[in-house]
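Asks: Position one of the sequence shown corresponds to residue 9 (our numbering), numbered consecutively onward.
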Amino acid sequence: MYFSPFVSVLPLVAGLASAAPHSKRVDTEDVTIYAYGTNISGLALYSGNTDGLAYIASTASDNLTAITWDVSSTGAAWNATAANTTTSLGSFFIVNSDSSYAAAGFLSSNSTAPTGAVTTGFRVYGGQVVLVSDGSLLSQFWATPSDIEGVYSLMWNSDGTSQDNSVPVALKTMAPSTTTTAE
Numbered sequence: 009m010y011f012s013p014f015v016s017v018l019p020l021v022a023g024l025a026s027a028a029p030h031s032k033r034v035d036t037e038d039v040t041i042y043a044y045g046t047n048i049s050g051l052a053l054y055s056g057n058t059d060g061l062a063y064i065a066s067t068a069s070d071n072l073t074a075i076t077w078d079v080s081s082t083g084a085a086w087n088a089t090a091a092n093t094t095t096s097l098g099s100f101f102i103v104n105s106d107s108s109y110a111a112a113g114f115l116s117s118n119s120t121a122p123t124g125a126v127t128t129g130f131r132v133y134g135g136q137v138v139l140v141s142d143g144s145l146l147s148q149f150w151a152t153p154s155d156i157e158g159v160y161s162l163m164w165n166s167d168g169t170s171q172d173n174s175v176p177v178a179l180k181t182m183a184p185s186t187t188t189t190a191e
């Protein structure tokens, strides 16, 4: 049987081609993050004007600032900026300690992190915001109604147990679809 020199080098060429480096994901700026859950259909995340905590609502108000995010693809801190400005609101944090059910928020450069606060490890996986912790993808975000109608506090439920008057939510970078009716 005769094999040409071409056929004998073919596996080598195929192996080298498959070893070519892939382009890495890049950080993304000016991202809006939306919450989805029971009776929460794609509401945006906002920052509380007085407390620096994260909220879910349909619109900004006197109490809430619309935000955009600088999303890291490497697990570095995610920074929030007041929408249409350059005013930094700080790094996004959650409290991920045993059995904690605590508000998520933003740490400015002059604020003190709560005990157990985590500001790194967030990623977008399939359009959903997750925390990568010890090799696991975690999404333990919950929404608790605030004192303002239609506004929810964004919480992190570290052990995932059911919470009274709260619902789990998925945070996504995909905006809700809108429908129109023909007249």
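The beta-carbon is built from N, C-alpha and C at its ideal position, and this holds for glycine as well.
Hey, quick one: how far does the beta strand (DSSP E) through Q136 stretch, first residue to last?
Replies: Unbroken beta strand (DSSP E) run through Q136: 136–141.
Asks: In whole angstroms, what is the alpha-carbon distance linking V132 and T94?
Replies: Near 23 Å, if we compare the C-alpha coordinates of T94 and V132.
Asks: State buried or exposed for A183, treating a residue as buried only when at least 16 other CB atoms are found within 10 Å of its CB.
Replies: Counting Cβ neighbours within 10 Å, A183 comes out exposed, since fewer than 16 surround it.
Asks: Could you check if L193 is buried or exposed, using at least 16 other CB atoms within 10 Å of its CB as the buried criterion?
Replies: Shown here, the chain extends from 9 to 191; a query on residue 193 therefore has no answer.
Asks: Tell me whether I156 sits in a helix, a strand or coil according to DSSP, three-state version.
Replies: Coil.
Asks: Can you name the residues that DSSP bridges to P176?
Replies: Answer is W150.
Asks: Looking only at its own chain, which residues have a Cβ that is under 8 Å from the Cβ of S66, when we skip the five neighbours before and after it?
Replies: Excluding residues within five positions, the ones whose Cβ falls inside 8 Å are L51, A52, G158.
Asks: To the nearest angstrom, how far is it from the Cα of Q136 to the Cα of F149?
Replies: Each residue's Cα considered, the two are about 11 Å apart.
Asks: The beta strand (DSSP E) that contains G129, what's its start and end?
Replies: Per DSSP, G129 belongs to no beta strand (DSSP E) and is neither H nor E.
Asks: Using a Cβ-Cβ cutoff of less than 6 Å, which residues in the same chain neighbour P122 once the five nearest sequence positions on both sides are dropped?
Replies: Hits under 6 Å: V103.
Asks: Quick one: Cα of T101 to Cα of A125, how far?
Replies: One point to set straight first is that residue 101 is Phe, not Thr, in the sequence displayed. About 6 Å.
Asks: Please classify S144 as buried or exposed, where buried requires at least 16 neighbouring CB atoms within 10 angstroms.
Replies: The residue in question, S144, is exposed, as its Cβ has fewer than 16 Cβ neighbours within 10 Å.
Asks: Apart from the five residues on each side of it in sequence, which residues of its chain come closer than 6 Å, Cβ to Cβ, to V175?
Replies: Contacts found: G45, T46, A151.
Asks: Between the beta-carbon of T76 and the beta-carbon of A62, is there less than 8 Å?
Replies: Against a cut-off of 8 Å, the Cβ pair of A62 and T76 comes out as no contact.
Asks: Taking 8 Å as the cut-off, decide whether the C-beta atoms of L179 and I41 are in contact.
Replies: Yes; because the gap between Cβ atoms is below 8 Å, this pair is in contact.
Asks: Let me confirm a value: N173 is counted as buried when at least 16 other C-beta atoms fall within 10 Å, else exposed. Which label applies?
Replies: Burial call: exposed.
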